[in-house]
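Residue numbers (this note's numbering): 1 to 400.
The beta-carbon is built from N, C-alpha and C at its ideal position, and this holds for glycine as well.
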């Protein structure tokens, strides 16, 4: 792995009733819009039940279009080093400065209850397929969707976005407390490790989703269910005619403690014609998160069962678990966090499990829209593939 020195600048925040932002400022609770965020102007007022007293779509014509368009984003740049230092190795030989992210997002409301959202990454990694340590950064689409709120109990979203699966993945890119997500969400690959080990939770997909806002009072409930392409983001075509159903249910107590349960099924086809292999995967998981008095805790378990179209391949399974704790002091801007993740990519292949231990300290000075942080990460692999690849990362993270 390589150390990170990141920079993040933060400016505008989404409206409180807008969909979960892709880039929320550091220090806020996961996926919860600030209570004092400004309401969009020029819309028809709702009654206490949340119903719109005026039927049909209403053009928001009493405000200029630029006041209905919100522009945001974030950037992360830093220094990354893995230890011990080596020259020209898959692990430990590619330390130095690195632009990790440079994101811009647009949130537009052309009519009441309709949101058009897009985010573009200007520093997306494109790895050379012949050399995992070669490649360059390109411009790439991240989110691109439209969402219409029929009522609090039904929101319809279509386009490219993260499916409703696993609390760590649903945390916005711009508000990750650590230098990066855990091995469960990101997997592991050079130069952080020899790998490659793919992630256990699905990332952005193209599809259609039905969901709700939080329903209830002290005891809250929300759901999300959708069908997706199952091939990941920015794919020109699908690899087969199957769809990838994914669903999640959350139950919370006073929006302080939240229990989430998620599941999904996918058929992935790989290989060159006519020799094609289909992999059927059943994904499942549960997570529990809580936040109070500046503390944020998350615990999760994820699993995956796989069967193959070729009878010569035996069924396989993967699983992983995560526990993390973060503290953020609002007055001083100081923060600290620790994370422990265990990942077993394959029961059929021995000696491929990974244990990841990370600890970070950070500072958001004087409530300014950026923070600096330093992180130490220890990775322990099983005996036959053990290789020193601890890392120290320093990062500046800014959101605007």
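What would DSSP say about residue i, mapped onto helix, strand or coil?
i	result
residue 183	helix
residue 390	strand
residue 218	coil
residue 54	Unreliable positioning characterises residue 54 in this predicted model, as indicated by a pLDDT of 34, which lies under 50. The coordinate reading is nonetheless provided below. In this structure, residue 54 counts as coil in the three-state DSSP scheme.
residue 346	coil
residue 334	strand
residue 395	strand
residue 125	strand
residue 93	coil
residue 400	coil
residue 375	strand
residue 49	Here residue 49 scores only 34 on pLDDT, less than 50, and its place in the model should not be relied on; the value that follows carries that caveat. Looking at residue 49 - three-state DSSP - the assignment turns out to be coil, as it is neither helix nor strand.
residue 235	coil
residue 366	helix
residue 296	strand
residue 380	strand
Return the CA-CA distance between residue i and residue j, expressed in angstroms with no decimal places.
i	j	result
residue 74	residue 344	32 Å
residue 395	residue 349	35 Å
residue 67	residue 130	47 Å
residue 167	residue 289	8 Å
residue 189	residue 110	42 Å
residue 431	residue 268	The displayed coordinates of the chain run from 1 to 400. Any statement about residue 431 would go beyond what the structure contains.
residue 271	residue 332	54 Å
residue 154	residue 220	15 Å
residue 315	residue 308	7 Å
residue 93	residue 86	5 Å
residue 432	residue 259	Given a span of 1 to 400 for the chain in the structure shown, any question on residue 432 remains unanswerable.
residue 365	residue 78	18 Å
residue 247	residue 299	19 Å
residue 389	residue 245	37 Å
residue 25	residue 294	Since pLDDT at residue 25 reaches only 38, below the 50 mark, its modelled position is unreliable, and the value read off the structure follows with that caveat. The alpha-carbon atoms of residue 25 and residue 294 are separated by roughly 15 Å.
residue 122	residue 76	11 Å
residue 204	residue 251	24 Å
residue 342	residue 107	37 Å
residue 354	residue 113	45 Å
residue 96	residue 80	5 Å
residue 330	residue 368	12 Å
residue 181	residue 360	13 Å
residue 277	residue 327	46 Å
residue 140	residue 302	28 Å
residue 256	residue 194	39 Å
residue 346	residue 291	33 Å
residue 208	residue 184	25 Å
residue 157	residue 150	11 Å
residue 352	residue 318	11 Å
residue 152	residue 224	12 Å
residue 162	residue 187	17 Å
residue 116	residue 240	29 Å
Starting from residue i, follow the beta strand (DSSP E) in both directions and report where the run begins and ends.
i	result
residue 168	Premise fails: residue 168 lies in the alpha helix (DSSP H), 167 to 170, not in any beta strand (DSSP E).
residue 189	Unbroken run through residue 189: none, as it is neither H nor E.
residue 131	131 to 151
residue 324	316 to 328
residue 278	277 to 292
residue 259	257 to 270
residue 82	69 to 83
residue 250	244 to 253
Could you please give me the residues that DSSP links to residue i through a beta bridge?
i	result
residue 205	161
residue 177	Answer is none; residue 177 lacks a bridge partner.
residue 340	323, 357
residue 306	281, 316
residue 226	209, 246
residue 115	147
residue 101	76
residue 106	71, 118
residue 197	188
Can you tell me whether residue i sits near the ligand MN, meaning its C-beta is under 7 Å from at least one heavy atom of the ligand?
i	result
residue 147	This structure does not include the ligand MN; it has no bound ligands of any sort.
Does any residue of chain D bring its CB to less than 8 Å from the CB of residue i?
i	result
residue 257	No chain D appears in the structure shown, which is made up of a single protein chain.
| Three or more beta-carbon pairs under 8 Å between the stretch 208 to 225 and the stretch 367 to 377, yes or no? | no
| Any 3 or more C-beta pairs closer than 8 Å across the stretch 192 to 201 and the stretch 135 to 142 | Per the Cβ contact rule, the stretch 192 to 201 is not in contact with the stretch 135 to 142 (fewer than 3 Cβ pairs under 8 Å).
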